[in-house]
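Worksheet: one structure, shown below.
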Amino acid sequence: MAKQLPDVGSGGAVPPPRRSRIVLADITRQDTRAERTRAELAQQTQVGEALVRGLVRAQLALALRLSLVVAIGLGGLPWLFAIAPSLGRTTVAGVNLPWLLLGVASFPFLIAVGWAYVRLAERNEQDFTDLVQRPEH
Amino acid sequence: MGNDFVVPAIVAVTLVTVGIGFYGLRLARTTSDFLVASRAISPTWNAAAIGGEYLSAASFLGIAGLVLKYGVDVLWYPVGFAAGYLALLLFVAAPLRRSGAFTLPDFCELRLGSRRLRILATAFVIFIGWLYLVPQLQGAGLTLATVAGSPYPLGALLVAAVVTANVALGGMRAITFVQAFQYWLKLTALAVPVIFLALQWQADGRPAVTPPDGPTFRAATTVVVEHRATLTLPDGDIREVRPGDELTFAAGDPVPDVSGVATDANDWLLPSAAGDDDRGLFATYSLILATFLGTMGLPHVLVRFYTNPDGAAARRTTLVVLALVGAFYLLPTLYGVLGRIYTPQLLLSGQTDAVVVLLPEAALGDGLVGRLLAALVAAGAFAAFLSTSSGLLTSVAGVISTDVLGRGSVRGFRLATVIAGGVPAVLALHVSGLDVSQVVGLAFAVAASSFCPLLVLGIWWRGLTDVGATAGVVAGGGAAIGAVLVTVLGPPLSGWPATLIAQPAAWTVPLAFTVMVAVSMATRRRAPADVAATMLRLHTPEALRMQ
Chain P
153 MAKQLPDVGS GGAVPPPRRS RIVLADITRQ DTRAERTRAE LAQQTQVGEA LVRGLVRAQL
213 ALALRLSLVV AIGLGGLPWL FAIAPSLGRT TVAGVNLPWL LLGVASFPFL IAVGWAYVRL
273 AERNEQDFTD LVQRPEH
Chain X
412 MGNDFVVPAI VAVTLVTVGI GFYGLRLART TSDFLVASRA ISPTWNAAAI GGEYLSAASF
472 LGIAGLVLKY GVDVLWYPVG FAAGYLALLL FVAAPLRRSG AFTLPDFCEL RLGSRRLRIL
532 ATAFVIFIGW LYLVPQLQGA GLTLATVAGS PYPLGALLVA AVVTANVALG GMRAITFVQA
592 FQYWLKLTAL AVPVIFLALQ WQADGRPAVT PPDGPTFRAA TTVVVEHRAT LTLPDGDIRE
652 VRPGDELTFA AGDPVPDVSG VATDANDWLL PSAAGDDDRG LFATYSLILA TFLGTMGLPH
712 VLVRFYTNPD GAAARRTTLV VLALVGAFYL LPTLYGVLGR IYTPQLLLSG QTDAVVVLLP
772 EAALGDGLVG RLLAALVAAG AFAAFLSTSS GLLTSVAGVI STDVLGRGSV RGFRLATVIA
832 GGVPAVLALH VSGLDVSQVV GLAFAVAASS FCPLLVLGIW WRGLTDVGAT AGVVAGGGAA
892 IGAVLVTVLG PPLSGWPATL IAQPAAWTVP LAFTVMVAVS MATRRRAPAD VAATMLRLHT
952 PEALRMQ
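So the protein sequences, as listed, match chains P and X.
Following this note's numbering, the numbering of the first sequence begins with 153 at its first residue and continues without gaps.
Following this note's numbering, the numbering of the second sequence begins with 412 at its first residue and continues without gaps.
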């Protein structure tokens with residue numbers, strides 16, 4: 153029922169011969185499709201091009217969203233202190249608020265944003281890999 | 412200054428640096444080992460090495476000095492120095508590693524295929540590298556003069572010679588170990604004394620940082636003035652002081668107001684407000700832009716990414732660096748704050764950069780503990796000069812050996828190292844009047860106005876052309892370099908021109924981006940034909956790489 157030889161037109165590398173062909177019939181076909189997609193990526197067919205564009209756009213959107221978080225969270229502070237000088241006089245545990253925010257709180261904030269980015273960017277890449285390696289796209 | 416532990420501590424740091432360098436030399440066998448450490452470095456080692464390389468004289472000494480002098484507004488320096496790694500992580504780290512580029516000029520050629528742009532990038536790498544090296548050497552000269560009373564050129568030449576020899580003989584594998592060691596040394600050298608300083612502050616009855624009547628001297632003090640200044644004495648008298656003048660104060664005397672320094676408690680404690688200080692606000696935002704975006708354009712930072720095995724590792728390494736650097740930057744602020752209490756005389760002498768080195772003995776006395784801690788801090792400061800200079804020198808020498816000398820051999824790299832180390836050493840001897848932190852800030856501004864737009868647009872925008880990139884770098888980077896030259900060589904300015912020139916990033920960065928985009932759109936047909944293949948390579952995970 154299944155094509156046991158890889159499609160000649162796919163351009164992919166021939167998979168190593170498999171022994172239990174009946175059981176692995178579907179998987180063999182999957183591999184062939186995945187290889188076709190990989191080849192499409194490399195040859196810059198329209199499908200491959202669209203896939204890469206999608207990934208780049210997703211990663212850029214993620215980076216821009218997180219830099220917006222930092223731009224508002226940190227970049228807003230000088231402006232906030234400037235228009236509301238009373239904030240600068242507020243003290244928490246005897247320390248003025250700007251000193252605490254800039255000298256202490258800003259570093260964990262930056263690390264948290266960075267941590268979120270690494271997780272989300274890796275997820276984007278995983279989604280892309282799944283898309284390329286799965287037949288149903 | 413009669414501390415007999417300081418010189419042995421500095422000698423020990425230098426010897427360990429050289430020693431690890433030679434250990435690495437035995438491991439370095441091929442040119443590839445030499446330049447990129449064969450990519451066999453784990454993310455943790457690599458991150459500690461990047462952190463060790465990044466925390467320079469400006470971080471170790473400069474920030475505390477600025478906090479002592481100007482107060483809350485300069486906390487943006489440490490925040491920006493750390494946030495620079497976040498910008499690097501978000502926009503550059505993984506794609507740059509996947510590009511396979513070892514240096515910035517490599518990236519230019521790889522992405523845009525332009526020889527001319529490559530030469531321009533080479534010139535910028537060398538300029539930024541030297542601009543950043545000179546203050547490191549100066550810091551070394553000043554520190555050794557402060558703690559050991561040696562003549563200024565000795566410290567500068569010592570660091571230049573040690574670093575040049577170490578890089579020329581050991582290459583990058585060696586400095587990876589050296590740098591990682593130096594990160595932990597620097598962290599320890601600030602963290603351990605801070606514990607003792609905090610306990611001492613408790614024991615002294617927690618004296619106020621900003622007492623209502625202004626800062627006072629805790630002990631009888633004689634101050635030798637280093638910079639010309641105008642003092643306003645408590646009784647309202649105004650007095651001009653010149654370098655070399657000696658002033659004597661008794662314990663409990665109030666510290667006079669010094670021109671150009673935030674002696675007034677409110678100036679120091681509170682951020683600049685709108686209306687009366689618009690220029691201060693502009694300078695703050697300009698500083699934020701330069702430090703946030705400049706880090707990715709520093710030549711010694713990018714070279715490191717090539718030692719990661721793949722893009723995902725580059726990302727994780729950057730995150731660890733952000734954490735390591737962030738942890739370090741909690742500390743210098745404390746030195747600046749405690750310096751208000753224990754070393755107010757530095758406000759008068761103008762030597763605020765020395766606060767980190769002088770504070771342990773000033774607060775704890777010159778007993779055994781005070782002297783040992785002072786030696787530890789001095790060793791940490793030397794680690795800062797050695798490690799940052801090593802990193803800068805490696806990258807400048809790498810660029811000179813491949814792009815100027817045109818040789819990829821180990822011998823070519825060694826020749827290039829001598830050239831790259833010799834020029835800033837000579838400059839550091841002749842330009843001793845520059846302010847360490849300000850020059851470092853200018854290096855960030857130049858990097859943010861040239862390489863930041865080039866990298867960000869090159870990685871994320873298919874429409875970038877070689878002509879557009881060249882025009883943007885020339886316009887933005889050129890304007891920033893102009894501002895540097897005017898600051899260093901030009902006449903003193905005042906008012907808005909002074910602010911625009913001293914903190915140029917807020918106008919040069921947008922200028923660079925605008926010119927780069929506009930010219931690229933006008934020369935759309937020059938976009939490289941292989942841009943799709945480049946994008947595929949920069950952004951897709953290595954797991955999918957076609958064999």
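Glycine is no exception: its CB is placed at the ideal position from the N, C-alpha and C atoms.
Helix, strand or coil for residue 996(X) per DSSP? As shown, chain X starts at 412 and ends at 958. That puts residue 996(X) outside it, with no answer to give.
Indicate whether the contact test is met: 3 or more Cβ pairs, each with one atom in the stretch 250-268 of chain P and one in the stretch 549-564 of chain X, closer than 8 Å. no
Considering only residues of the same chain and omitting the five flanking positions on each side of residue 798(X), which have a CB-CB separation below 6 Å? Taking the second sequence and counting its residues from 1, the one referred to as residue 798(X) is at position 387. Counting only Cβ-Cβ distances below 6 Å, and skipping sequence neighbours, we find 463, 464, 590, 593.
Does DSSP put residue 895(X) in a helix, a strand or coil? Here the question's residue 895(X) lines up with position 484 in the second sequence. Note: residue 895(X) maps to helix in three-state DSSP.
Listed by chain order, chain X residues near residue 215(P) by CB distance under 7 Å: In the first sequence, residue 215(P) corresponds to position 63, counting from 1. The contacting residues are 501, 502.
Per DSSP, residue 665(X) is paired with what? Start at 1 with the first residue of the second sequence, and residue 665(X) comes out as number 254. According to DSSP, residue 665(X) bridges with 627(X).
Length at least 4, wholly inside the stretch 676-733 of chain X: the alpha helix (DSSP H) runs in chain order: 676-680, 689-705, 710-714
Under a CB-based cut-off of 7 Å, is residue 726(X) close to chain P? Within the second sequence, numbered from 1, the residue matching residue 726(X) stands at position 315. For residue 726(X), the answer is yes, since a Cβ of chain P falls inside 7 Å of its Cβ.
Taking its Cβ as the centre, do 16 or more other Cβ atoms sit within 10 Å of residue 238(P), making it buried, or is it exposed? Your numbering for residue 238(P) matches position 86 in the first sequence. Label assigned to residue 238(P): exposed.
Three-state secondary structure (DSSP) of residue 175(P): The count along the first sequence starts at 1 and reaches residue 175(P) at position 23. For residue 175(P), the pLDDT reaches just 44, beneath the cut-off of 50, and the residue's location in the model is therefore unreliable, leaving the point undetermined.
Please list the terminal residues of the continuous beta strand (DSSP E) segment that includes residue 619(X). As a position in the second sequence, residue 619(X) is number 208, starting the count at 1. Here residue 619(X) belongs to no beta strand (DSSP E), and DSSP marks it neither H nor E.
Can you list, in chain order, the residues of its chain whose CB lies under 6 Å from that of residue 823(X), leaving out five sequence neighbours each side? Here residue 823(X) is taken as the residue at index 412 of the second sequence, counted from 1. Result list for residue 823(X): 812, 816, in chain order.
Please list the residues of the stretch 255-282 of chain P that have a C-beta atom closer than 9 Å to any C-beta atom in chain X, keeping them in chain order. Within the stretch 255-282 of chain P, those residues whose Cβ lies closer than 9 Å to any Cβ of chain X are, in chain order, 255, 256, 258, 259, 260, 262, 263, 265, 266, 267, 269, 270, 273, 274, 277, 278, 280, 281.
Close-in-space but distant-in-sequence residues of the same chain around residue 578(X) (CB under 7 Å, 5 per side omitted): Against the second sequence, residue 578(X) aligns to sequence position 167. Excluding sequence neighbours, residue 578(X) sits near 586, 801, 804, 805, 808, 828.
Inter-residue CB distance, residue 466(X) and residue 795(X) (contact presumed, cutoff 8 Å): Taking the first residue of the second sequence as 1, we reach residue 466(X) at position 55. Taking the first residue of the second sequence as 1, we reach residue 795(X) at position 384. Their Cβ separation, rounded to whole angstroms, is 6 Å, which keeps residue 466(X) and residue 795(X) in contact under 8 Å.
Which residues does DSSP list as the beta-bridge partners of residue 411(X)? Residue numbering for chain X in the displayed model covers 412 to 958; residue 411(X) lies beyond these limits and cannot be assessed.
So residue 240(P) contacts chain X; which residues on that side make the cut at Cβ distance below 7 Å? By one-based count along the first sequence, residue 240(P) stands at place 88. 681, 682, listed in chain order.
For the beta strand (DSSP E) that contains residue 658(X), what are its first and last residues? On the second sequence, residue 658(X) is found 247 positions in, with the first residue counted as 1. Counting along the chain, the beta strand (DSSP E) containing residue 658(X) begins and ends at 657-660.
Work out the CA separation of residue 252(P) and residue 902(X) for me, nearest whole Å. Counted from its first residue, the second sequence places residue 902(X) at position 491. Counted from its first residue, the first sequence places residue 252(P) at position 100. Taking the straight line joining both Cα atoms gives about 38 Å.
Using a Cβ cut-off of 7 Å (strictly closer), state whether residue 204(P) contacts chain X. Taking the first sequence and counting its residues from 1, the one referred to as residue 204(P) is at position 52. Yes, its Cβ sits closer than 7 Å to a Cβ of chain X.
Could you tell me whether any non-hydrogen atom of the ligand ADP is closer than 6 Å to the CB of residue 652(X)? In the structure on display, the ligand ADP does not appear, and there are no ligands present to speak of.
According to DSSP, residues forming a beta bridge with residue 635(X): Within the second sequence, numbered from 1, the residue matching residue 635(X) stands at position 224. 657(X), per the DSSP bridge assignment.
Under 8 Å Cβ-Cβ, which residues of chain P neighbour residue 481(X)? Reading the second sequence from its first residue, position 70 is the one you call residue 481(X). Within chain P, not a single residue places a beta-carbon under 8 Å from that of residue 481(X); the smallest gap is close to 13 Å.
Enclosing alpha helix (DSSP H) for residue 504(X) [first to last residue]: For the purposes of this step, residue 504(X) is taken as residue 93 along the second sequence, with counting starting at 1. Looking at the DSSP string, the run of the alpha helix (DSSP H) that includes residue 504(X) is 504-510.
Quick one, which of 931(X), 701(X), 761(X) has its alpha-carbon nearest residue 860(X)'s? Taking the first residue of the second sequence as position 1, residue 860(X) is located at position 449. The residue with the shortest Cα to Cα distance from residue 860(X) is 701(X).
For residue 489(X) versus residue 740(X), is the C-beta distance shorter than 7 Å? As a position in the second sequence, residue 489(X) is number 78, starting the count at 1. As a position in the second sequence, residue 740(X) is number 329, starting the count at 1. Result yes, Cβ atoms of residue 489(X) and residue 740(X) sit closer than 7 Å.
Secondary structure at residue 276(P), three-state DSSP: helix, strand or coil? By 1-based counting over the first sequence, the position of residue 276(P) is 124. Of the three classes helix, strand and coil, the one that applies to residue 276(P) here is helix, per DSSP.
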